[in-house]
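Below you'll find the structure, written out as structure tokens, and then a few comments.
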Amino acid sequence: MSQSRLTELTWREVRRAGERGIALLPIGSQEQHAGHLPMGTDTLLVEEVVDRALDLLDREAPGASEGSEGSGAPVPEIVRLPAPPFGHSPHHLFAAAVSLSAATLGAVLDDVLDSLVTSGYHRIMVVNGHGGNDEIMRLAVKRFALRARVTVAACSYWTLTAGGDDAGRPDVTPGHAGWFETSLMLAAHPGLVRTPVPARTPVEPPPLFDHPPHPGLTVERHGEWERVDGSTDDASGADADRGGRLLADRARGLARAIRAFDAASR
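Here this note's numbering is used: the first residue of the sequence shown is 1, the next is one more, and so on.
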């Protein structure tokens with residue numbers, strides 16, 4: 001196996017893996033997801049995509065079992081870290097969330113990256129599952145690479161696609177507690193979705209954070225998340241089959257991104 005979990009390795013194995021391998025850090029959140037999805041939705045989904053991507057890479061490895069998708073190309077050695085469950089979610093505290101401030105999350109990421117480099121890693125990839133973490137994660141990666149001899153990559157899982165599936169709805173992707181996330185959860189963790197999922201009452205005017213008045217603007221208005229009851233779009237039409245296809249597409253996209261990062265950072 002070319003993939004390992006940090007929590008299951010000895011310190012010597014961690015050191016050896018750091019010489020050539022990639023440390024892979026998923027990050028998520030604990031926050032309200034309307035009335036039908038669990039608080040840990042973002043963490044659960046990013047872990048699902050990461051695990052599926054790593055499974056794909058294993059099946060591509062030389063010598064993989066018969067009937068696999070083996071490509072014959074060397075598979076990068078990857079050490080998967082546990083996902084810190086908390087993210088930057090102050091906009092969801094009106095209902096329920098466990099939120100870190102932007103400064104705290106940035107400091108946590110900085111400490112984790114610093115620990116990995118001190119433990120021998122030179123290549124690190126952060127995979128995010130929550131929109132509120134995205135800017136903080138990207139800034140942390142850029143800032144850290146300025147002061148440490150390391151190559152660091154960052155992405156949010158929903159942005160990586162293999163481009164071969166038409167199951168998506170770009171107009172509501174990723175959204176929040178809407179069609180996209182609910183479809184993925186129905187595929188990955190159906191027992192955690194409270195069904196039937198009620199239809200969402202249309203909200204007028206639409207929130208400015210999702211419908212800025214001019215292209216290129218980022219607009220936030222006080223109280224908007226509470227006004228839309230914590231969801232961005234109607235999830236009642238969510239579908240497990242399409243969710244499974246969307247998960248598979250994101251996993252393929254992430255697997256390709258890992259391969260590209262490996263090739264570029266050797």
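Heads up, the beta-carbon is just placed ideally off N, CA and C, and yes, glycines get one too.
Fair warning: this is a prediction, and the values are worked out from it, not measured in the lab.
Element boundaries [beta strand (DSSP E), containing M125]: Here the beta strand (DSSP E) through M125 covers R123 to N128.
Uninterrupted beta strand (DSSP E) stretches inside the stretch 173 to 226 (no shorter than 3 residues): none
Under the three-state DSSP convention, the category A264 falls into: helix
Sheet register partners of I22 (DSSP bridge): BP columns for I22 point to I78.
On the DSSP bridge list, what partners appear for S236? For S236, which the question treats as bridged, DSSP gives no partner whatsoever.
Is the stretch 17 to 36 close to the stretch 80 to 94, with three or more CB pairs under 8 Å? Inter-segment contact for the stretch 17 to 36 and the stretch 80 to 94 is present: three or more beta-carbon pairs are separated by less than 8 Å.
G216 to D210 span [Cα, whole Å]: 12 Å
Consult DSSP for R169 and reduce its assignment to one of helix, strand or coil. coil
Rounded straight-line distance, which links the Cα of R256 to that of R15: 26 Å
Kindly give me the distance between the Cβ atoms of G18 and G120, rounded to whole angstroms, as I take these residues to be in contact under 8 Å. 3 Å
Check whether the Cβ atoms of D134 and S156 lie closer than 9 Å to each other. yes
Determine the DSSP secondary structure at M1, reduced to helix, strand or coil. With a pLDDT of 44 at M1, under the threshold of 50, the modelled position of this residue cannot be trusted; read the value that follows with caution. Coil at M1, not helix or strand.
If I measure Cβ to Cβ from L269 and keep anything under 7 Å in the same chain, skipping five residues before and after, which residues do I get? The shown model of the chain, from 1 to 266, leaves out residue 269, and the question about it has no answer.
Thinking Q274 and G230 are a contact (beta carbons under 8 Å), I'd like their distance in whole angstroms, please. Because the chain in this structure spans residues 1 to 266, residue 274 falls outside the shown range and cannot be described.
State buried or exposed for D111, treating a residue as buried only when at least 16 other CB atoms are found within 10 Å of its CB. exposed
Given this structure, state the Cα-to-Cα distance separating T10 from S115, to the nearest angstrom. 16 Å
Please confirm if the stretch 146 to 154 is in contact with the stretch 194 to 201, defined as three or more CB-CB distances below 8 Å between the two stretches. no
I'd like to check one pair, F180 with V172: are the Cβ atoms closer than 9 Å? yes
Which residue marks the beginning of the alpha helix (DSSP H) containing A103, and which one marks its end? A102 to T118
Cut-off 8 Å between Cβ atoms - residues of its own chain near T232, not counting five sequence neighbours on either side: If we look at T232 and ignore the five residues flanking it on each side, its Cβ neighbours are V172, G175, H176, A177, G178, P207 and D210.
Please name the residue in L109, V75, A240 and D58 whose C-alpha comes closest to that of H88. L109
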